[in-house]
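Number of protein chains: 2
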Amino acid sequence: MDFNNVTAHAVGNVYFDGKVVSHKITMEDGSAKTMGVIQPGSYHFDTVAAERMDITAGECKVTLDGSKESSVYKAGEYFNVDANSGFTIEVAEGNGQYVCSYL
Amino acid sequence: MDFNNVTAHAVGNVYFDGKVVSHKITMEDGSAKTMGVIQPGSYHFDTVAAERMDITAGECKVTLDGSKESSVYKAGEYFNVDANSGFTIEVAEGNGQYVCSYL
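Sequence lines, in order, name chains S and G.
Quick note on numbering: my numbering labels position 58 of the first sequence as 58, and the sequence is numbered without any gaps.
Quick note on numbering: my numbering labels position 28 of the second sequence as 28, and the sequence is numbered without any gaps.
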């Protein structure tokens with residue numbers, strides 16, 4: 001998955017002692033995405049804006065806040081997260097990669 | 001440090017079990033850069049093309065292959081690496097971030 005005509009921001013975001021690392025890009029229309037890599041483990045993120053999370057590599061198990069069910073998403077699949085909510089994302093082995101689009 | 005009008009490649013490069021993670025961008029002129037994050041530790045990289053490494057956050061101690069001396073580079077500083085050579089880069093604490101330009 002490539003994004004053309006974007007502005008790339010060199011300094012990345014580092015979460016959970018580097019277990020999750022992402023780089024932000026700004027699209028032509030001013031909207032933002034982050035491209036991230038998740039090492040094995042379980043991590044909880046809060047949302048402010050609503051998000052679409054596209055899995056681009058590996059496999060992630062996701063539990064949305066307020067849900068008792070988890071779903072597994074593989075490369076090429078995506079899930080949405082409501083604004084002012086959150087989700088737990090787990091990677092069992094290897095690494096999971098994603099593109100997060102702020103909706 | 002921002003790069004405009006680039007193509008961003010969503011799937012990142014993962015080295016040393018995720019201790020080093022980078023995302024590649026392609027510039028308007030077709031040249032490539034990677035934007036990376038280094039967790040604490042010591043890592044050796046081989047070069048094929050010559051590289052310019054700009055440190056964008058944190059502090060890295062660098063030893064070029066064939067050199068007995070190390071130098072410390074902080075955000076805003078850079079070093080060059082010859083083609084078909086290599087270097088050892090160490091981060092003591094926090095994280096080090098870089099932009100690697102292929103020359």
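Beta carbons are placed, not taken as given, at the ideal position from N, Cα and C, and that holds for glycine.
Only a predicted model underlies this, so the values are computations on that prediction, with no experimental measurement involved.
A distance below 7 Å between beta-carbons, with the five flanking residues on each side excluded, links G:ALA49 to the following residues of its chain, in chain order: ALA83, TYR102 and LEU103. Residue pairing for S:MET53: DSSP places it in a beta bridge opposite S:PHE79 and S:CYS100. Annotated three-state conformation of S:GLY18 is helix, per DSSP.
Assigned with DSSP and collapsed to three states, G:VAL48 falls in coil, not helix or strand. G:SER70: member of the beta strand (DSSP E) spanning 70–74, first to last residue. In the displayed model, G:GLU93 falls within coil according to three-state DSSP, outside both helix and strand. Ranking S:SER85, S:ASP2 and S:GLU59 by CA distance to the CA of S:GLU77 puts S:GLU59 first. Interface annotation, G:PHE3: in contact with chain S, CB-CB separation under 9 Å. Going by beta carbons, G:VAL37 and S:VAL6 fall outside the 9 Å limit. Considering only beta carbons, the part of the region 4–25 of chain S lying closer than 7 Å to chain G consists of ASN4, ASN5, VAL6, THR7, ALA8, HIS9, ALA10, VAL11, GLY12, VAL14, GLY18, VAL21, HIS23 and ILE25, in chain order.
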